[in-house]
Amino acid sequence: MFERFTKDARAVVHAAVSDAKATGQSTVEAEHLLLALAASPELRSLGLDREQLADALIEEERRSLSVVGLSAENYQQRKPASSAHEPRFGASAKLALQRGVKLAQLRGGRRFRAQDLLAGVLAAEHGRVPRALNLVGIDVDELRGRI
Amino acid sequence: MVVQSTEVPEDPVDALAAVGAMRRLADRVEAAAVSQAISDGWTWAQIAEALGVTRQAVHKKHARRVESARD
């Protein structure tokens, strides 16, 4: 699957896997891809850096837990807790990759670029990525249109 | 006895997001508690019993992580 990926797109996938592993998570999810894409021109043009995106994801989880009356203050989300297992691709990351590949095909592109991966990540209607982006005031529809 | 029903919000979107967040939180709490128990000298069988899972399941899920953290 990865043979058509450009060097940049591969680097994003590797960074997402490393991030999931470094924070002790058993799966790589769409939010790891989003963080790995923080340096992309499209996200940088929004004036958001990686730290702000990471904070938005933490806030997203805090709010989600508060719906059921939970607080996770003692169990920080991004505390380094290296996992010994190689993380698998979780459902949201798989969907992002599939959607990105499909969008790249529609575009008629022969290569799969980091930009296609971003389009795949942003195609999600639900989940942590659109929720976190909404929290920092990003209009995801508008952003999709720009890619 | 009156059993209070859990109030489920009308729009499922927040409740569904909460489920995902709880699963991730449960994983973090479990990982931290298992590490603590092992360093306190608990056996895998004791941890498994406390978690309500089999010894094989808890060992498979945590042994490599806990052992690599001790090195």
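As they're listed, the protein sequences go chains A and B.
Each residue of the first sequence is one higher than the last, beginning at 28 in my numbering.
Each residue of the second sequence is one higher than the last, beginning at 1222 in my numbering.
For every residue, glycine included, the Cβ atom is placed at its ideal position computed from N, Cα and C.
Every value quoted in this text rests on a predicted model; they were computed, and no experiment measured them.
For residue 41 of chain A, count neighbouring Cβ atoms within 10 angstroms of its own Cβ and tell me buried if that reaches 16, exposed if not.
exposed
Pick from A/61, A/127, A/141 and A/44 that is closest to residue 55 of chain A, judged by C-alpha positions
A/44
If the cut-off is 7 angstroms on Cβ atoms, which residues from the region 82 to 94 of chain A count as contacting chain B, listed in chain order?
88, 91, 92 and 94
Using alpha carbons as the reference points, say which of A/159, A/169 and A/70 lies closest to residue 1238 of chain B.
A/159
Have a look at residue 1244 of chain B and residue 140 of chain A and give me their C-alpha separation to the nearest angstrom.
32 angstroms
Contact check, residue 1276 of chain B vs residue 1269 of chain B, beta carbons under 8 angstroms
The Cβ atoms of residue 1276 of chain B and residue 1269 of chain B lie closer than 8 angstroms to each other.
Beta-carbon proximity check, residue 80 of chain A vs residue 60 of chain A, cutoff 8 angstroms
no
For residue 54 of chain A, write down the residues that DSSP places opposite it in a beta bridge.
A/115
For the alpha helix (DSSP H) holding residue 82 of chain A, just list the boundary residues, first then last.
77 to 94
What are the residues in the region 124 to 141 of chain A lying within 9 angstroms of chain B by C-beta distance?
none
Between residue 130 of chain A and residue 146 of chain A, which are expected to be in contact by the criterion C-beta below 8 angstroms, what is the C-beta distance as a whole number of angstroms?
5 angstroms
Do you know whose CA, among B/1254, B/1232 and B/1231, lies nearest residue 1271 of chain B's CA?
Comparing Cα positions, the closest option is B/1254.
Can you find a CB in chain B that lies within less than 8 angstroms of the CB of residue 110 of chain A?
So, interface residue.
is_contact[residue 1235 of chain B, chain A] using C-beta, thresh 8 angstroms
yes
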